[in-house]
Amino acid sequence: MVYRIINKTKDSVLASQAKIADNFFKRFLGLMFRKSLSKEEALIFFRAPSIHTFFMRFALDILFLDKEGKVLRIARKIKPWRMVFCRNSSVTVEFSSENNNLAKTSPGDFIIIENVVK
435 MVYRIINKTK DSVLASQAKI ADNFFKRFLG LMFRKSLSKE EALIFFRAPS
485 IHTFFMRFAL DILFLDKEGK VLRIARKIKP WRMVFCRNSS VTVEFSSENN
535 NLAKTSPGDF IIIENVVK
């Protein structure tokens, strides 16, 4: 399934082709070994208050959300071989830093993740 990530506060689409890491293998692999991530792509993790960038080939921008979709923290330009966490985070979303998807997003904004029907 494909999802759209929308910043409801700023009325902007952050990603239109996001996917959910919804099983052990997808959660384990994440974005490791990928060469890049397009501007439209993102990866969503539920119940993952921490992430790592081991074996990554590019830097990430990371959104940490609470269960209502409120942005708790934005970690920007996280280079490979780093770890990042956010206490009380229920949802974590990874974007490529190169694409600048989160330029207008701020802590306190509300994010919606909606299914894209094809």
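Here this note's numbering = 1-based position in the sequence shown + 434.
For every residue, glycine included, the Cβ atom is placed at its ideal position computed from N, Cα and C.
Residue i vs residue j beta-carbon contact at 8 Å
i	j	result
alanine 381	lysine 513	This structure leaves residue 381 out entirely; the chain is present only between 435 and 552.
isoleucine 478	isoleucine 454	yes
valine 505	proline 541	yes
threonine 443	phenylalanine 544	yes
Cross-strand partners of residue i (DSSP beta bridge)
i	result
asparagine 534	Its beta-bridge partners do not exist; DSSP assigns none.
aspartate 495	Phe529
proline 521	For the sequence presented, residue 521 should be read as arginine rather than proline. Looking at the DSSP assignment, arginine 521 forms no beta bridge with any residue, so it has no partner.
serine 484	Phe519
alanine 509	Ile496
alanine 554	In the structure as shown, the chain begins at 435 and stops at 552. Residue 554 is therefore absent and cannot be evaluated.
Buried or exposed (CB count within 10 angstroms, at least 16 for buried), residue i
i	result
aspartate 445	exposed
isoleucine 485	buried
glycine 503	buried
valine 525	buried
serine 546	According to the sequence provided, residue 546 is isoleucine. The question's serine does not apply to it. Exposed, by the Cβ-count rule.
Reference residue i, options the options, closest by Cα
i	options	result
threonine 487	Ser540, Val550 and Ala509	Ala509
aspartate 456	Val436, Val505, Phe489 and Val447	Val436
asparagine 534	Lys511, Val505, Val518 and Ile547	Lys511
serine 523	Leu448, Phe480 and Ala452	Phe480
asparagine 549	Phe519, Ala452, Arg516 and Lys501	Ala452
Cβ shell of residue i (< 8 Å), same chain only, five flanking positions each side left out
i	result
serine 530	Ser470, Leu471, Ser472, Lys473, Glu475, Phe492, Ala493, Leu494 and Asp495
lysine 501	Ser524 and Val525
Sequence-distant residues of the same chain with beta carbon closer than 6 Å to residue i, five excluded per side
i	result
valine 527	Ala476, Ile478 and Leu497
arginine 507	Phe498 and Cys520
Spatial neighbours of residue i in its chain, beta-carbon cut-off 7 Å, leaving aside the 5 residues before and after
i	result
glutamate 532	Phe492
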